[in-house]
Structures are given as C-alpha cells and as structure tokens.
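To start, the structure itself, in structure tokens.
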C-alpha cells in the first residue's frame, strides 16, 4: 500500500491526484471553514502563496463622506 497518496483511488497517478477537484468546506450555515484561504494581490491579482514573507495586508477604515468619521467598516488590501 502506498502511504504517500492523497487520493482514495489506490491506482491514481500523481497527475490524477493533482487535478482532483477540491470541494469547499462549509458549515451548515454556509460559512467558509477552510483552514487556508489563499489571498490575491490587490494590485496585480496574482495569488499570494502561504510562504510569501514579503507580502502585507492593510486594513483601511471606511469614512462617511458627510461627517468625515470612520464608519466602523474597513477595506482590506493585500499586497505581495
């Protein structure tokens, strides 16, 4: 038995394992519960890998245009 295979099919090749569709993990309320969700660069739209140590995520406060006060919401920018 091959303990290195990630597929339930014991005869699957590594190419078949890599192209197996991944289901989204959601709870009963429909909320995303994946352990890792890849981020995308807001400037280039490229995926930021988990090992990318030069990337930053910045939260910028949303401001009410009439009062000039922060609304409590924010916009997130990922740069990598």
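Numbering (my numbering), first residue to last: 1 to 80. Built from N, CA and C at the ideal position, the CB exists for glycine as well.
Taking the alpha-carbon of residue i as reference, which of the options has the nearest alpha-carbon?
{"i": "residue 39", "options": "66, 63, 51", "result": "51"}
I think residue i touches residue j, with their Cβ atoms under 8 Å apart; what is that distance to the nearest whole Å?
{"i": "residue 72", "j": "residue 41", "result": "With 8 Å as the limit, residue 72 and residue 41 do not qualify as a contact, their Cβ atoms being about 26 Å apart."}
Closer than 6 Å by C-beta to residue i: which residues in its own chain qualify, once you throw out the five before and the five after it? Chain order, please.
{"i": "residue 57", "result": "78"}
{"i": "residue 76", "result": "59"}
{"i": "residue 45", "result": "none"}
Please confirm whether residue i and residue j have their CB atoms less than 8 Å apart.
{"i": "residue 90", "j": "residue 69", "result": "Nothing in the structure corresponds to residue 90, since the chain is present only between 1 and 80."}
Please work out which residues of its chain come closer than 7 Å, Cβ to Cβ, to residue i, disregarding the five sequence neighbours upstream and downstream, and give them in chain order.
{"i": "residue 27", "result": "33"}
{"i": "residue 43", "result": "79"}
{"i": "residue 47", "result": "38, 40"}
{"i": "residue 74", "result": "59, 60, 61, 62"}
{"i": "residue 36", "result": "50"}
In the DSSP assignment, find the unbroken beta strand (DSSP E) run with residue i in it and report its ends.
{"i": "residue 81", "result": "Only positions 1 to 80 of the chain appear in this structure, which leaves residue 81 out of reach."}
{"i": "residue 71", "result": "70 to 79"}
Once you ignore the five residues that flank residue i on each side, which residues in its own chain have a CB closer than 8 Å to its CB?
{"i": "residue 54", "result": "80"}
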